[in-house]
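K.L.:
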Amino acid sequence: MDVARQAGVSPSTVSRILNGTAKVSDDKRQAVLAAIEQMNFAPNQMAQGLKKGRSMTIGIVVQDISSPFFDETLRGVDDGLKGTGFASVIVSGHWNAEEEADRIRLLLARKVDGIILLSGRMADDTVLKFSAQRPIVSTGRALQTRSALGFKMDNEYGAYLAVHHLIELGHRQIAFISGPSNNSDADERLAGYKRALHEANIPLDENLIVEGNYHEASGMLAMNRLFDTHQNFTAVFAANDLSAYGARLALYRKGIRVPDDISLVGFDDLPGSSYTTPPLTTIRQPLYDIGRIATQALLRIINGEEARGEVPPLELIVRETTRRVR
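Quick note on the UniProt record's numbering: the sequence shown kicks off at 1 and runs consecutively.
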């Protein structure tokens, strides 16, 4: 390695210094830093970060790397890091609190300068304990300390908007494909569904509520379970877009037209929702903005500035899967 040769040290020493894990003399560290700057081996931001004892890396804990939900948020994180000299290290928590904690310990051992936690099952108290070691910005929870910040969307209000839209179109028999019962976002969306019905004086029919798990297959299976119960309904609200995709497939296989026979609403506004057949009416979560703003907030905390940030509110996006009851 040219940097190692210029600095008069071994390549492994350079690597460990760049990773923030080397225990070397100040003379060797300064020699490596001088070689880096002289040879333009790294951006000035990285050299400056190394001088401050930073690794110039951000740890990101994502729950499902295959999900388009997290993919869009990660795109915002990536854009938020552009031009900063920071790189990201991505690990997966798989919706398991213990695994999330293990992944954070792994990131801390790798000397990341901060962590972005995208949703998850860890308790707030656990997140705050980890933030005592490195600053953390998390989505899906409300936190506000000097070293931790949380962004939580109003899921109850978003679900209320979806069901209220259907009620305004004249629907009174509205089925709901929920998220998993042990998930706070799912509980809040169920509460929004119930509030919209209550305000419209529509009796709650528990038989029209079927639990899913936020994946396409569960949306299809939930739709089939609704058919098996022979319940009457004119509209379906799915707790997320992926569930709505599965429900749409089940309706198609039954020869049921959307929205002519049944209206359908999702939640998230994933990029693909504009291209379903027909395009999906849904509740837009600003997923890209959440990732970008969370990243900017974390960098502020790392630089000793105030932990702050605000994301746009949820909004109803009306496309072509809903129509007025005839």
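Note that the Cβ used here is the ideal one computed from N, Cα and C, for glycine as well.
1) Curious, which full-length beta strand (DSSP E) runs of at least 3 residues does the region 241 to 326 contain?
2) Cβ of Gly59 within 9 Å of Cβ of Leu108?
3) Quick check on the burial criterion: 16 or more other C-beta atoms within 10 angstroms. Buried or exposed for Asn44?
4) Enumerated in chain order, which unbroken segments of the alpha helix (DSSP H) with a length of 4 residues or greater are wholly contained in the region 136 to 223?
5) Taking all protein chains shown into account, decide if Ser10 is buried (16 or more other Cβ within 10 angstroms of its Cβ) or exposed.
6) Nearest to Ala244 by alpha carbon, out of Val258, Asn303, Asn232?
7) Under a three-way DSSP split, which group does Thr126 fall into?
8) In this structure, does DSSP put Gly85 in helix, strand or coil?
9) When DSSP labels each residue in this structure, what does Gly76 get in the three-state scheme?
10) What's the C-alpha gap between Gln133 and Leu143?
11) Count the other CB atoms within 10 Å of the CB of Thr97; is the residue buried (16 or more) or exposed (fewer)?
12) Is there a C-beta anywhere in chain B that falls below 9 Å from the one on Phe227?
13) According to DSSP, is Phe227 helix, strand or coil?
14) Met220 and Ala191: beta carbons closer than 9 Å?
15) State the Cα-Cα distance for the pair Arg292 and Leu242, rounded to the nearest angstrom.
16) In the DSSP assignment, find the beta strand (DSSP E) that holds Ala238 and state where it starts and stops.
17) Is the Cβ-Cβ distance between Thr321 and Thr281 less than 9 Å?
18) Verify whether the separation of the beta carbon atoms of Arg103 and Ser119 is less than 9 Å.
19) DSSP on Met1, reduced to helix/strand/coil?
20) Rounded to whole angstroms, what's the CA-CA distance from Tyr214 to Gly8? Just pull it up for me.
21) Using C-beta distances below 7 Å, list every residue in its chain close to Phe70, excluding the 5 sequence neighbours before and after it, in chain order.
22) How big is the Cα-Cα spacing for Thr295 and Ile116?
23) Would you mind stating whether Phe233 and Ile177 have Cβ atoms separated by less than 9 Å?
P.N.:
Checking against the coordinates, here is how it stands:
1) 263 to 265, 282 to 284, 315 to 317
2) Taking the first residue of the sequence shown as 1, we reach residue 59 at position 59. Taking the first residue of the sequence shown as 1, we reach residue 108 at position 108. In contact: Gly59 and Leu108 (Cβ atoms closer than 9 Å).
3) Your numbering for residue 44 matches position 44 in the sequence shown. Bear in mind that the predicted position of Asn44 carries a pLDDT of just 49, short of 50, making it too unreliable to give a figure here.
4) 155 to 168, 184 to 199
5) Residue 10 sits at position 10 when you count from the first residue of the sequence shown. Exposed, because fewer than 16 other Cβ atoms sit within 10 Å of the Cβ of Ser10.
6) Mapped onto the sequence shown, residue 244 falls at position 244. Checking every option, the nearest Cα to that of Ala244 belongs to Val258.
7) Translated into positions along the sequence shown, residue 126 becomes position 126. Three-state result, Thr126: helix.
8) Sequence index remark: in the sequence shown, residue 85 carries index 85 (1-based). Note: Gly85 maps to coil in three-state DSSP.
9) Numbered from 1 along the sequence shown, position 76 holds the residue referred to as residue 76. Of the three classes helix, strand and coil, the one that applies to Gly76 here is helix, per DSSP.
10) Here the question's residue 133 lines up with position 133 in the sequence shown. Here the question's residue 143 lines up with position 143 in the sequence shown. Spanning the two alpha carbons is a distance of roughly 16 Å.
11) In the sequence shown, the residue the question calls residue 97 occupies position 97. This sequence places Ala at residue 97; Thr is not what is there. Exposed, because fewer than 16 other Cβ atoms sit within 10 Å of the Cβ of Ala97.
12) Absent from the structure is chain B; it holds one protein chain and no more.
13) Residue numbering aside, residue 227 sits at position 227 when the sequence shown is read from its first letter. DSSP places Phe227 in helix when its eight states are reduced to three.
14) The sequence position of residue 220 within the sequence shown is 220, counting from 1. The sequence position of residue 191 within the sequence shown is 191, counting from 1. No, the pair does not count as a contact, with Cβ atoms beyond the cut-off.
15) Taking the sequence shown and counting its residues from 1, one reaches residue 292 at position 292. Taking the sequence shown and counting its residues from 1, one reaches residue 242 at position 242. Whole-angstrom Cα-Cα distance: 23 Å.
16) If you number the sequence shown from 1, residue 238 lands on position 238. Here the beta strand (DSSP E) through Ala238 covers 235 to 238.
17) Position 321 of the sequence shown holds residue 321. Position 281 of the sequence shown holds residue 281. Cβ atoms of Thr321 and Thr281: closer than 9 Å.
18) Within the sequence shown, residue 103 is the residue found at index 103, counting from 1. Within the sequence shown, residue 119 is the residue found at index 119, counting from 1. Cβ atoms of Arg103 and Ser119: not closer than 9 Å.
19) Along the sequence shown, read from residue 1 onward, the residue named residue 1 stands at position 1. Confidence at Met1 is low in this model, with a pLDDT of 47, below 50, so its placement is unreliable and the value that follows should be read with caution. The answer is coil: DSSP assigns Met1 none of H, G, I, E or B.
20) For the purposes of this step, residue 214 is taken as the residue at position 214 of the sequence shown. For the purposes of this step, residue 8 is taken as the residue at position 8 of the sequence shown. For Tyr214 and Gly8, the distance between alpha carbons rounds to 55 Å.
21) In the sequence shown, residue 70 corresponds to position 70, counting from 1. Once the five neighbours on either side are set aside, the close Cβ partners of Phe70 are Val62, Gln63, Asp64, Leu118.
22) Walking along the sequence shown from the start, residue 295 turns up at place 295. Walking along the sequence shown from the start, residue 116 turns up at place 116. Cα to Cα, Thr295 sits roughly 7 Å from Ile116.
23) Reading the sequence shown from its first residue, position 233 is the one you call residue 233. Reading the sequence shown from its first residue, position 177 is the one you call residue 177. It is not a contact, given that the beta carbons lie outside the stated cut-off.
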